[in-house]
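Chemist:
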Amino acid sequence: MSTPAAASGKPQARADQPKPAGGKEKIAIGDRFRLWWNSLSRPTQWAVGVPFIILLALLPVVRPPGISTVGTDFGGVMAQFGMIALIAIGLNVVVGQTGLLDLGYVGFYAVGAYTVGLLTSPDSPWNQTGDGGWLSAKWAWLAVLPIAVAITAISGLILGTPTLRLRGDYLAIVTLGFGEIVRLLADNLDTLTRGGQGLSQVAYPRLGESDTAMNGVFAAGYSNGGNINNGVWWFWLSLLLIVLVLLGVGNLERSRVGRSWVAIREDEDAAEIMGVPTFRFKLWAFVIGAGIGGLSGALYAGQVQFVVPTNFNVINSMLFLCAVVLGGQGNKLGVILGAFIVVYLPNYFLGRTEFLWWNINGNAIADYKYLFFGLALIVLMIFRPQGLIPVRQKLMTYGRQIWLAARGKRTKFDDNPAGSDKPGSTAAAEVSR
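By the UniProt record's numbering, the letter at position 286 of the sequence shown is numbered 286, and the numbering carries on one by one without gaps.
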């Protein structure tokens, strides 16, 4: 039986669209930010983004009283945020852009860290910084960095080639097993990795050496005026790498590769029917995501100068996934926000005895971070599954845009966070053009 709206020929509002209240739509803050950002031209985005990046870089130097941490060094917290943000961007390529559930991403993080450790630590039989090695102690970390990224990307290729024909839970189980296999290998290959004893004295950038910084500004424990601020330099380095990675991933998103990822995410079968080589583009996503994870692992190994298997457990892999889901799958700025929340909030409460007008045990709150983030994910999945800053939907067919323009409706791509009417087939049709 047709409804009155259908009989009148008027388009019906979908159930997943926000309902108007008082003649206006209720739009969440994250949606408002996304719509505002997407409405800006590319030069305007740069004009807004560059000052914001500069202000962000100055945060660990200025250390604002209301934002700075009391239980741990704020510069170190920001450095940790930079590394997790890199991981979130890489994981977002796999999970958010392509729709592949990866539960073992920490394995790529570990491969990158152990590549740097094995090639630069005096404890490793593969050390290349000593006598007879081909690495200079001063430039060892910088020389090994691209090697770590390449080896991690190759590991993603080796893992993805036989497994990316799987889907859903089966793929998730395989990736989860990969992460655990890497950790167990690192824990049991005593002659190579020293197992639980780990690899110490890992190389780092020996830059900025002076009378006040004998081993350079990136050395562990480097202080200036009583502040441990080697984390500030690591944050600046990670911020630079984040910008470069965002530019690269953004260019891919706007290419045929990115459109293919979206088509696979929305409906892989429809994409395959429309001629998209889904396996090839899934492998692309897996390799690129793995390389970015290895880059972050190399940063981690250089900053802490110590690599041990316990730091690469499955819990950390879930935390990385939490950052992506919390911020907004498929949205690069969203996953960076998610990484900041995951890193900053536990460290903010660490060591605090009061919050606003309440007396609290900040250390206990920080210890229960996995519980709190787990509950937050449950609430988010119920009330806002698209995350804090959802991905922009650009899945309307050109014919529908022209039809809406002729009727005086919106002429841009559909920005509804819930998605379009037939996302899979529409995205695949755009890719096949």
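Quick reminder that beta carbons are idealized off the backbone N, C-alpha and C, glycines included.
Can the beta-carbon of LEU252 be found closer than 9 Å to that of ILE288?
Modeler: For LEU252 and ILE288, yes; Cβs fall inside 9 Å.
Chemist: Beta carbon of LEU299, beta carbon of GLY76: below 9 Å?
Modeler: No, the Cβ-Cβ distance between LEU299 and GLY76 is not below 9 Å.
Chemist: Do you know how far the Cα of ILE242 is from the Cα of ILE292?
Modeler: Roughly 10 Å between the two C-alpha positions.
Chemist: According to DSSP, simplified to helix, strand and coil, what is LEU189?
Modeler: If DSSP states are grouped into helix, strand and coil, LEU189 belongs with coil.
Chemist: Excluding the five sequence neighbours on either side, which residues of its own chain have a C-beta within less than 6 Å of the C-beta of LYS297, listed in chain order?
Modeler: This sequence places Gly at residue 297; Lys is not what is there. TYR109, GLY112, ALA113, listed in sequence order.
Chemist: Buried or exposed: where does GLY334 fall if 16 or more other Cβ atoms within 10 Å of its Cβ makes it buried?
Modeler: It is buried - the Cβ of GLY334 has at least 16 other Cβ atoms within 10 Å.
Chemist: When we look at the beta-carbon of ALA366 and count the other beta-carbons within 10 Å, is it buried (16 or more) or exposed?
Modeler: That one is buried.
Chemist: Quick one: give me the first and last residue of the alpha helix (DSSP H) that GLN80 is part of.
Modeler: That run of the alpha helix (DSSP H) goes 74 to 92.
Chemist: Can the beta-carbon of LEU319 be found less than 9 Å from the beta-carbon of PHE373?
Modeler: The answer is yes: Cβ separation under 9 Å.
Chemist: Quick check on the DSSP output: what are the complete alpha helix (DSSP H) runs of length 4 or more inside the segment 267 to 292, in order along the chain?
Modeler: For the segment 267 to 292, whole alpha helix (DSSP H) runs of length 4 or above, ordered along the chain, are 268 to 273.
Chemist: Could you spell out where the alpha helix (DSSP H) holding THR152 opens and where it closes?
Modeler: THR152 -> alpha helix (DSSP H) spans 140 to 163.
Chemist: Here's a check: name, in chain order, each residue in its chain whose Cβ is nearer than 8 Å to the Cβ of PHE279, leaving out the five neighbours to either side.
Modeler: Hits under 8 Å: LEU164, ARG165.
Chemist: How would you write the range of the alpha helix (DSSP H) that LEU119 sits in, first residue to last?
Modeler: Counting along the chain, the alpha helix (DSSP H) containing LEU119 begins and ends at 106 to 120.
Chemist: Quick one: residues in its chain with C-beta nearer than 6 Å to the C-beta of PRO309, no 5 flanking neighbours on either side, listed in chain order?
Modeler: Only ARG183, ALA186, ASP187 meet the Cβ criterion.
Chemist: According to DSSP, is GLY22 helix, strand or coil?
Modeler: Its pLDDT being 48, under 50, GLY22 is placed unreliably by the model, and nothing is read from it.
Chemist: With the cut-off set at 9 Å, would you say ASN313 and VAL106 are in Cβ contact?
Modeler: Yes, the pair counts as a contact, with Cβ atoms nearer than the cut-off.
Chemist: Report the option in GLY71, ILE87, VAL391 whose CA atom is closest to the CA atom of ASN316.
Modeler: Of the listed residues, the one whose Cα sits closest to ASN316 is ILE87.
Chemist: Measure the alpha-carbon distance for LEU100 versus TYR344 and round it to whole angstroms.
Modeler: One C-alpha to the other measures close to 27 Å.
Chemist: Per DSSP, what are the beta-bridge partners of VAL307 in this structure?
Modeler: In the DSSP output, where bridge partners are listed per residue, VAL307 has LEU199.
Chemist: What do you get for LEU189, buried or exposed, if any count of 16 or more other CB atoms within 10 angstroms of its CB means buried?
Modeler: That one is exposed.
Chemist: If you measure between the beta carbons of LEU55 and LEU118, is that distance less than 9 Å?
Modeler: No, these two residues do not count as a Cβ contact at 9 Å.
Chemist: Grab the span of the alpha helix (DSSP H) containing SER317 for me, first residue to last.
Modeler: 314 to 327 is the span of the alpha helix (DSSP H), which, as asked, contains SER317.
Chemist: With distances taken from CA atoms, which of THR44, ILE67, GLY96, ALA57 is nearest VAL391?
Modeler: It is GLY96.
Chemist: With the cut-off set at 9 Å, would you say ASN127 and SER136 are in Cβ contact?
Modeler: Their beta carbons are not under 9 Å apart, which means ASN127 does not touch SER136 by this criterion.
Chemist: Output the boundary residues of the alpha helix (DSSP H) element that contains GLY374.
Modeler: Residues 369 to 383.
Chemist: Taking the beta carbon of ASN363 as the centre, do at least 16 other beta carbons fall within 10 Å, making it buried, or is it exposed?
Modeler: By the neighbour-count rule (16 or more Cβ atoms within 10 Å), ASN363 is not buried but exposed.
Chemist: Roughly how many whole angstroms lie between the Cα atoms of GLY302 and LEU244?
Modeler: Cα to Cα, GLY302 sits roughly 19 Å from LEU244.
Chemist: Between LEU283, GLN201, ILE389, which has its C-alpha nearest VAL304's C-alpha?
Modeler: When each option's Cα is compared against that of VAL304, the closest is GLN201.
Chemist: Is DSSP giving SER296 helix, strand or coil here?
Modeler: The answer is helix: DSSP assigns SER296 an H, G or I state.
Chemist: Using the Cβ count rule (16 or more neighbours within 10 Å means buried), how would you classify ILE27?
Modeler: ILE27 comes out exposed.
Chemist: At which residues does the alpha helix (DSSP H) containing ILE54 begin and terminate?
Modeler: That run of the alpha helix (DSSP H) goes 42 to 62.
Chemist: I need the straight-line Cα distance from TRP141 to ILE173, nearest angstrom please.
Modeler: Taking the straight line from one Cα to the other gives about 34 Å.
Chemist: Between GLY179 and chain D, is the shortest Cβ-Cβ distance under 9 Å, so that the two count as touching?
Modeler: The chain inventory of the structure shown lacks chain D, comprising one protein chain alone.
Chemist: What would DSSP say about ALA263, mapped onto helix, strand or coil?
Modeler: ALA263 falls in the helix class under three-state DSSP.
Chemist: Spatial neighbours of SER238 within its chain, please: CB distance less than 7 Å, with the 5 preceding and 5 following residues excluded, ordered by chain position.
Modeler: ALA79, GLY82, MET83, LEU86, LEU299.
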